[in-house]
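> FYI, my numbering numbers position 252 of the sequence shown as 253, with every residue one higher than the one before it.
Glycine included, each C-beta is placed from N, C-alpha and C at the ideal position.
I'd like to ask you about the structure that follows.
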Amino acid sequence: MNQKKYKSIWLSDIHLGSKGCQAERLLDFLYNHSCEELYLVGDIVDGWRMEQSLFWPQAHTNVLRRFLSYAKDDTNVNYITGNHDEFLRSYSPILLGNVKVTDRAIYTSLSGKKYLVIHGDQFDLVTKYSKWISKLGSWAYELLMATNRVVNFFRKNFNLGYWSFSAFVKHKVKSAVNFISDFESALAFACKKEGFDGVICGHIHSVANEMIDEIHYLNCGDWVESCTALVEDYEGRFHIIDYSKYTNNQNYPKDKVA
Ligand SMILES: [Mn+2]
């Protein structure tokens with residue numbers, strides 16, 4: 002298999018166990034990419050969804066198996082906990098097989114810069130102080146995702162590409178835009194105070210690679226709406242890979258689950 006290799010790959014907000022999770026597309030990405038260091042930046046398994054009902058298709062198991070096979074193939078696999086997989090926080094830091102589970106990590110880039118790797122909910126005042134409001138938001142979000150699936154079902158049948166209705170709505174709603182910029186500046190401020198050069202996070206499902214107040218702010222996005230990954234290549238450059246464009250050709254070997 003012709004895999005593209007990077008120094009490091011970061012993925013966040015996969016939400017395995019929820020209907021919105023685009024596990025098939027993620028599997029396609031995983032089969033076509035490898036790295037020395039893999040960071041799973043939180044909300045990988047959606048514990049909140051699973052409390053309500055169990056949704057767990059084979060593709061979701063295959064994603065976890067793929068992570069374990071990376072670890073077996075000498076990739077350094079780090080699982081950073083998020084608010085949807087916070088059940089892991091009572092055990093972290095812990096080594097599960099070859100997978101390091103922690104709440105935060107420090108990454109040194111090839112150019113020698115120090116990045117804080119963290120899910121980011123710690124800087125989101127809504128999830129931090131009110132789980133109830135946050136779960137209500139999560140319910141509204143699920144409704145938005147359901148609409149998204151219906152829209153894309155029709156688009157697929159009319160041979161139109163994938164289009165994120167929910168991302169469209171979120172970018173149109175002013176309060177959502179304010180929420181995103183508040184989150185980004187809170188995180189940048191905290192990182193500057195702690196002496197980091199940058200931050201790599203997830204949580205708000207809004208991909209980014211930008212400078213905020215002298216801090217390199219990188220957000221991996223998610224695998225519910227945007228289907229994006231963050232990578233560092235061997236020249237020490239960071240890129241966002243937009244995998245939503247690789248649609249309708251899930252050509253990963255379906256029966257070969259390593
Ligand atoms: Mn989160």
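May I ask which residues mark the beginning and end of the alpha helix (DSSP H) holding W49?
Segment G48 to Q53, the alpha helix (DSSP H) holding W49.
> Look up N1 in the DSSP assignment and say whether it is helix, strand or coil.
Nothing in the structure corresponds to residue 1, since the chain is present only between 2 and 259.
> Using the C-alpha atoms, what's the distance from D125 back to L69?
Approximately 30 angstroms, taken between the alpha carbons.
> What number of angstroms, rounded off, separates the C-alpha of Y253 from the C-alpha of H85?
Low local confidence applies: a pLDDT of 43 at Y253 is under 50, so the model's placement there is unreliable, with the coordinate-based value given in what follows. If I take the Cα positions, the gap works out to 28 angstroms.
> Can you name, in chain order, every residue of its own chain whose Cβ lies under 7 angstroms from the Cβ of W57, other than the five neighbours on each side?
For W57, where only same-chain residues beyond five positions count, the Cβ hits under 7 angstroms are G18.
> State the Cα-Cα distance for the pair T229 and D14, rounded to the nearest angstrom.
Near 10 angstroms, if we compare the C-alpha coordinates of D14 and T229.
> Keeping to the same chain, check which residues put their C-beta closer than 7 angstroms to that of V258; ignore five residues upstream and five downstream.
Note on V258: pLDDT 35, under 50, position unreliable in the model; no value is reported.
> Please classify E215 as buried or exposed, where buried requires at least 16 other C-beta atoms within 10 Å of its C-beta.
By the 10 Å Cβ count, E215 comes out exposed.
> Consider the C-beta atom of N179 and the heavy atoms of ligand 1; say whether any pair is separated by less than 7 angstroms.
No, ligand 1 has no heavy atom inside 7 angstroms of this Cβ.
> Could you check what DSSP says for C36 in three-state terms: helix, strand or coil?
Residue state, collapsed to three classes: strand.
> Are the Cβ atoms of E195 and Y218 separated by less than 8 angstroms?
No, Cβ-Cβ distance for E195 and Y218 is not below 8 angstroms.
> Could you tell me if Y7 is buried or exposed, where buried requires 16 or more neighbouring beta carbons within 10 angstroms of its beta carbon?
With 16 or more other Cβ atoms within 10 Å, it is buried.
> Is the Cβ-Cβ distance between D223 and H120 less than 8 angstroms?
Not closer than 8 angstroms, so no.
> Just reading off the alpha helix (DSSP H) that V118 is part of, what are its end residues?
No alpha helix (DSSP H) holds V118; the beta strand (DSSP E) holding it covers K115 to I119.
> So if DSSP puts D210 in a beta bridge, which residue, or which two residues, is it bridged to?
Here the sequence assigns Asn to residue 210, which means Asp is not the residue at that position. Partner(s): L219.
> If we call anything under 8 angstroms between Cβ atoms a contact, is Y244 one with F88?
Not closer than 8 angstroms, so no.
> In chain order, what residues of the same chain lie with their CB nearer than 6 angstroms to the CB of Y80, ignoring the 5 residues before and after it?
So the list reads L41, V100 and V102, once near-sequence residues are dropped.
> So who's on the other strand from Y92, going by DSSP bridges?
Bridge partners of Y92: none, in fact.
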